[in-house]
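Residue numbers (our numbering): 9 to 366.
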Amino acid sequence: MFTIALLPGDGIGPEIISEAEKILNAVEHIFNIKFQFVEGLVGGASIDAHGVPLTEEVLQLCKNSDAILFGAVGGPKWDHLPKEKRPEQAILKLRKDLNLYANLRPVVLFKALADASPIKQEFLGDDLDIMIVRELTGGLYFGKKGKEEGQNHVTAFDTMEYTDDQIRRVARLAFNIARNRKGHLTLVDKSNVLETSRLWRAIVSEMAADYPHVKLNYMYVDNCSMQLILNPAQFDVILTENTFGDILSDEASVLTGSIGMLPSASLGDEKPYLYEPIHGSAPDIAGTGKANPIACILSAAMMLEYSFGEKSASKAIINAVNKVLDEGYGTFDLRAGAKHVVSTSEIGDIIKKYIGID
Ligand code: IPM
Ligand code: MG
9 MFTIALLPGD
19 GIGPEIISEA
29 EKILNAVEHI
39 FNIKFQFVEG
49 LVGGASIDAH
59 GVPLTEEVLQ
69 LCKNSDAILF
79 GAVGGPKWDH
89 LPKEKRPEQA
99 ILKLRKDLNL
109 YANLRPVVLF
119 KALADASPIK
129 QEFLGDDLDI
139 MIVRELTGGL
149 YFGKKGKEEG
159 QNHVTAFDTM
169 EYTDDQIRRV
179 ARLAFNIARN
189 RKGHLTLVDK
199 SNVLETSRLW
209 RAIVSEMAAD
219 YPHVKLNYMY
229 VDNCSMQLIL
239 NPAQFDVILT
249 ENTFGDILSD
259 EASVLTGSIG
269 MLPSASLGDE
279 KPYLYEPIHG
289 SAPDIAGTGK
299 ANPIACILSA
309 AMMLEYSFGE
319 KSASKAIINA
329 VNKVLDEGYG
339 TFDLRAGAKH
349 VVSTSEIGDI
359 IKKYIGID
């Protein structure tokens with residue numbers, strides 16, 4: 009039996025988490041796995057109830073679980089709050105406290121969605137499948153930051169900091185992932201300008217000797233943001249630091265038709281790992297039935313693979329999503345990719361029906 013902590017959060021978070029739970033319930037029956045679900049408030053929902061974005065109790069609940077499924081946090085209601093009280097602190101604290109330093113963001117184009125992407129088919133290629141490995145507990149997000157009020161001016165700063173160990177551990181994981189895929193790793197940085205990027209390059213190039221079957225190349229982040237659109241087929245695994253990974257993964261999601269399609273897994277040296285869609289809480293569509301739960305459902309599929317070693321159950325979810333999209337079902341964000349536009353819970357129901365059917 010596996011204990012899963014569900015953290016729905018704000019906006020569309022609760023709606024997408026209940027669809028993922030629906031799918032996990034189906035998996036329980038078909039694959040004979042037992043899950044126990046525990047639930048906690050995070051983000052704005054926790055601020056409203058307890059005055060803080062993440063309580064000690066919820067953090068403990070997560071630590072006592074086998075895996076965490078996170079929805080989304082944030083919204084205009086809490087935008088005026090000072091930094092340490094903002095909803096986003098919930099996810100940042102979880103990543104840091106659980107030492108989840110590697111964030112895997114697969115960018116996969118489901119065939120049926122080629123028309124949903126604003127990028128022309130000829131640029132997308134036939135088999136778009138990129139794995140972005142984003143460093144998750146360092147860089148600008150967690151470096152020294154502050155604001156100084158001078159006599160005539162205000163200065164604010166965020167510091168990008170990396171230690172050699174921080175780089176090495178996430179790079180090791182990226183090399184191993186590349187070795188089990190097409191064997192191509194691209195380190196994305198800004199080493200023509202940034203000292204941290206030069207350290208990344210030095211360490212990663214030194215490590216390359218241990219991975220003779222992985223072809224390593226380097227790319228500046230500005231060029232990478234262009235190459236992702238011009239020629240995405242050139243990429244297999246992209247390794248990059250925290251902020252660059254945040255920005256590039258939103259950009260790459262456009263290739264797949266919608267940001268509502270991209271799941272992620274945040275891994276470390278110890279469990280529990282955390283799974284979450286890469287999109288935000290979309291407060292503008294919350295409660296309308298328009299949210300796309302597929303990123304969250306695919307995050308649950310990643311959980312089955314990476315936390316529980318249930319590869320065939322994970323595959324079954326991905327296959328079900330593929331079939332449902334092939335039949336033309338989709339949520340409103342998929343535009344031209346969906347012949348039959350259905351609601352959040354309807355698409356969850358349809359995907360559920362296809363689990364375990366070959
Ligand atoms: C993401 C999000 C988060 C991030 C926010 C919500 C703090 O954009 O997971 O990509 O910046 O990491
Ligand atoms: Mg982001």
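No residue lacks a Cβ here, since even glycine has one placed at the ideal position from N, Cα and C.
Report task. Indicate the three-state DSSP secondary structure (helix, strand or coil) for His37 in the structure shown. Result -> Three-state result, His37: helix.
Query raised in the report: If we ignore side chains and look at the alpha-carbon of each, how far apart do Asn231 and Leu202 end up?
Result: Each residue's alpha carbon lies about 15 Å from the other.
Query raised in the report: Is Asn300 helix, strand or coil when you go by DSSP?
Result: In the structure shown, the three-state DSSP call for Asn300 is coil.
**Report entry** Beta-carbon spacing of Met139, Arg176 below 9 Å
**Finding:** Result no, Cβ atoms of Met139 and Arg176 do not sit closer than 9 Å.
Query raised in the report: Rounded to the nearest angstrom, how far is the Cβ of Ile286 from that of Ile267, given a contact under 8 Å?
Result: Contact between Ile286 and Ile267 holds, since their C-beta atoms are separated by about 7 Å, short of 8 Å.
Report task. Would you mind listing the alpha helix (DSSP H) stretches within the segment 79 to 107 that are 4+ residues and don't spill past its ends, in chain order? Result -> Runs found: 97 to 105.
**Report entry** Ile24 CB to nearest heavy atom of the ligand MG below 8 Å
**Finding:** Not one heavy atom of the ligand MG lies closer than 8 Å to the C-beta of Ile24.
Query - Same chain only: Cβ atoms within 6 Å of Gly21, ignoring 5 sequence neighbours per side - result: In the same chain as Gly21, and ignoring 5 residues on each side of it, the C-beta atoms closer than 6 Å to its own belong to Gly79, Ala80 and Ser289, in chain order.
Query raised in the report: How about Glu284 and Leu77: do their beta carbons lie closer than 9 Å?
Result: Yes, they are a contact pair.
**Report entry** the segment 293 to 308 in contact with the segment 341 to 356 per 3-pair CB rule at 8 Å
**Finding:** With contact defined as three or more Cβ pairs closer than 8 Å, the segment 293 to 308 and the segment 341 to 356 are in contact.
Query raised in the report: When the Cβ atoms of the segment 332 to 341 are set against those of the segment 101 to 117, are three or more pairs found closer than 8 Å?
Result: Between the segment 332 to 341 and the segment 101 to 117, the count of C-beta pairs closer than 8 Å stays below three; the two stretches do not touch.
Report task. Check whether the Cβ of Glu284 sits closer than 8 Å to any heavy atom of the ligand IPM, and report yes or no. Result -> Within the cutoff, so yes.
Report task. Please determine if the segment 255 to 262 and the segment 144 to 163 are in contact, where contact requires at least 3 C-beta pairs separated by less than 8 Å. Result -> Flag = no, the segment 255 to 262 and the segment 144 to 163 do not touch.
Requested in this report: With hydrogens ignored, establish whether the beta-carbon of Asp18 is closer than 8 Å to any heavy atom of the ligand MG.
Outcome: The answer is no for Asp18.
**Report entry** Start and end residues, beta strand (DSSP E) containing Met168
**Finding:** Unbroken run through Met168: none, as it is neither H nor E.
Query raised in the report: Say the cut is 8 Å; is the CB of Ser266 nearer than that to a heavy atom of the ligand MG?
Result: No, the ligand MG has no heavy atom inside 8 Å of this Cβ.
Query - Range of the contiguous beta strand (DSSP E) that encloses Lys111 - result: Checking the displayed sequence, the identity of residue 111 turns out to be Asn instead of Lys. Residues Ala110 to Val116.
Query - Integer-rounded CB distance, given that Pro280 should sit under 8 Å from Ser54 - result: With a Cβ gap of about 19 Å, Ser54 and Pro280 do not count as contacting.
Query raised in the report: Touch check for the segment 30 to 47 and the segment 318 to 328: three-plus C-beta pairs under 8 Å?
Result: A contact exists between the segment 30 to 47 and the segment 318 to 328.
Query - Close beta carbons around Arg343, own chain, < 7 Å, minus the five adjacent residues each side - result: Excluding positions up to five away in sequence, the list reads Ala124.
Query raised in the report: Below 9 Å between beta carbons: does that hold for Ala179 and Val212?
Result: A contact, by the Cβ cut-off of 9 Å.
Query raised in the report: Cβ of Asp258 within 8 Å of any heavy atom in the ligand SAH?
Result: Among the ligands modelled here, namely the ligand IPM and the ligand MG, the ligand SAH does not occur.
**Report entry** Cβ shell of Phe183 (< 7 Å), same chain only, five flanking positions each side left out
**Finding:** Within its own chain, the residues whose Cβ lies closer than 7 Å to the Cβ of Phe183, once the five positions on either side in sequence are excluded, are Leu193, Met215, Tyr219 and Val222, listed in chain order.
**Report entry** Whole-angstrom distance between Ser315 and Val50, CA atom to CA atom
**Finding:** Whole-angstrom Cα-Cα distance: 22 Å.
Report task. May I ask whether a heavy atom of the ligand IPM can be found less than 8 Å away from the beta carbon of Asp254? Result -> The ligand IPM has a heavy atom closer than 8 Å to the beta-carbon of Asp254.
Query raised in the report: Taking 8 Å as the cut-off, does the CB of Val162 come closer than this to any heavy atom belonging to the ligand IPM?
Result: Answer for Val162: no, Cβ out of range of the ligand IPM.
Query raised in the report: From Phe118 to Arg206, what distance separates their C-alpha atoms?
Result: Using only the alpha carbons, I get a separation of about 36 Å.
Query - Entirely enclosed alpha helix (DSSP H) segments - the segment 226 to 313, minimum 4 residues - result: Scanning the segment 226 to 313 from its first residue to its last, the whole alpha helix (DSSP H) runs of 4-plus residues come out as 229 to 238 and 250 to 261.
Report task. With DSSP collapsed to three states, give me the class of Ile363. Result -> The three-state reading of DSSP puts Ile363 in coil, since its state is none of H, G, I, E or B.
Report task. Indicate the three-state DSSP secondary structure (helix, strand or coil) for Val332 in the structure shown. Result -> DSSP places Val332 in the helix class (H, G or I) of the three-state scheme.
Query raised in the report: Who are Ile138's beta bridge partners in DSSP?
Result: Per DSSP, Val115.
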